[in-house]
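For the sequence shown, the residue numbers in mature numbering (1 follows the signal peptide of the UniProt record, and there is no 0) are -24 to -1, 1 to 216. The block underneath contains the structure these notes are about, expressed in C-alpha cells.
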Amino acid sequence: MKLKKHLFIPFLLLAFFQFTISFSQELKPASLFSDGMVLQRDIPVPVWGTAKPNSKITVTFANQKQKTKADNNGKWMLKLDPLKASKIARDLVISGDSKVIISNILVGEVWICSGQSNMQFNVNNVPEIKSLIPFTKNIRTFQVKNIVSLEEQDDVTGTWKVTNPSSAVAFGFAYFLESIGDMPVGIILSSWGSSSLEAWMPRSMTAELPYFKTIMDDFDKDTVTQNRLNKAINSPKAGT
C-alpha cells in the first residue's frame, strides 16, 4: 500500500504539471480582444496574444487573412491592414492549434481614458452630460480592473461592454467623437483615484530620477510593506 501511495502522488503531480503546461499554451488573444470590441480605423491594427510556442497563427477579419508565428515563449502579434469605420458587427477569427471567434466587432475611434479621481468622476453626478446618454448609438467601453502589481504586466483584466463609460469625462469625450464623426467609439477606461505619479511609471525610470530612486530603494529594504502588498495582490478580493 505504501509503495502504491508513493507512486500515486508523483503521478498526480505529473498530471497536474502537464495540464498546467497545456492550459498555458492554448491559443488565447489578449483581453482587449473580446466580444463587443471596437477596432481603430485607418491605421494598421495590431492583434496579439499567446499560443503554443512556434505555432502558426492566422487572423481573419473583414475579408483579410493575416498570418504569423508564435515565438519560443508562445507570444505572437500581427497587424491587420487599415480598416474603414464600420457600424456593421463582424466576427474576428483567430486560428492555430484551436480556434477563437470574437463576435460583434465594430470599427471606429478607440481612445484610452486614464488618470485619477477626475477621470473616475461618475457621469451620474453631472446632469448636463448624463442628459446626453439617450442620444448615443455606438459607444462601447472596456473597463480595466484596478489590480496592483510590482512588475509590468503583459495583459489586463477586463471585458468590453456595449455601454457608455461611467466616467463623466470619458463619456463626454466619446459623445463628442461619435457626434462629429458618425462612427463607433471605443473607450478603454483605466483610472485610479488618488494614485501617485510613480505608480504609473516603469520601474526602470527610477534609475534616472534621484527622488523616485530613493523611494524605491527604501521600499526594497522594507520587507514588511512588501509582504503586506504581496498578500493584498494575491488576495481573492484583489482587483475588485
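Each residue gets a CB set at the ideal place from its N, CA and C atoms; glycine is no exception.
- Touch check for the stretch 90 to 106 and the stretch 37 to 48: three-plus C-beta pairs under 8 Å? Too few Cβ pairs lie closer than 8 Å, so no.
- Query: On the three-pair Cβ rule with 8 Å, is the stretch 183 to 192 touching the stretch 109 to 121?
  - Reply: With the cut-off at 8 Å, the stretch 183 to 192 and the stretch 109 to 121 do not touch.
- Proximal residues to MET13 (C-beta, below 6 Å), its chain only, five neighbours per side dropped: Beyond the five residues adjoining it in sequence on each side, MET13 comes within less than 6 Å, by CB distance, of ILE81, TRP136 in the same chain, given in chain order.
- Beta-carbon proximity check, PRO160 vs SER62, cutoff 9 Å: PRO160 places its beta carbon less than 9 Å from that of SER62.
- Give a yes or no on whether the C-beta atoms belonging to LEU173 and SER71 are separated by under 9 Å. Going by C-beta atoms, LEU173 is not nearer than 9 Å to SER71.
- For ASP131 versus SER10, is the C-beta spacing smaller than 9 Å? No.
- Message: So ILE163 and ALA150 are supposed to be a Cβ contact under 8 Å. How far apart are they, rounded?
- Response: Approximately 5 Å separates the beta-carbon atoms of ILE163 and ALA150; this is inside 8 Å, confirming the contact.
- Message: Determine whether the beta carbon atoms of LEU15 and LEU56 lie at a separation below 9 Å.
- Response: Yes.
- Any non-hydrogen atom of the ligand NAD within 8 Å of LYS113 CB: Here there are no bound small molecules, and the ligand NAD is not part of this structure.
- Message: Helix, strand or coil, according to DSSP, for THR135 in the structure here?
- Response: The answer is coil: DSSP assigns THR135 none of H, G, I, E or B.
- Which first and last residues belong to the beta strand (DSSP E) in which ASP67 is found? If you look at ASP67, you'll find it in the beta strand (DSSP E) that goes 62 to 71.
- Under 9 Å, do VAL99 and SER142 count as touching if we go by C-beta distance? Yes; because the gap between Cβ atoms is below 9 Å, this pair is in contact.
- Message: To the nearest angstrom, how far is the alpha carbon of residue 274 from that of ASN39?
- Response: Because the chain is modelled from -24 through 216, residue 274 falls outside the range shown and cannot be assessed.
- Query: Nearest-angstrom Cα distance between GLU127 and VAL145?
  - Reply: Pairing GLU127 with VAL145, the inter-Cα distance amounts to about 29 Å.
- Query: Beta carbon of THR133, beta carbon of VAL120: below 9 Å?
  - Reply: A contact, by the Cβ cut-off of 9 Å.
- Task: May I ask you to report which of helix, strand or coil DSSP gives GLU184?
- Result: Correct three-state label for GLU184: helix.
- Item | Whole alpha helix (DSSP H) elements within the stretch 51 to 125, 4-residue minimum | You should have 93 to 96, 103 to 106.
- Inter-residue Cα distance where the pair is GLY148 and ILE105: Roughly 6 Å separates the two Cα atoms.
- Just curious, the alpha helix (DSSP H) that SER166 is in, first and last residue? Not the alpha helix (DSSP H): SER166 falls in the beta strand (DSSP E), residues 161 to 167.
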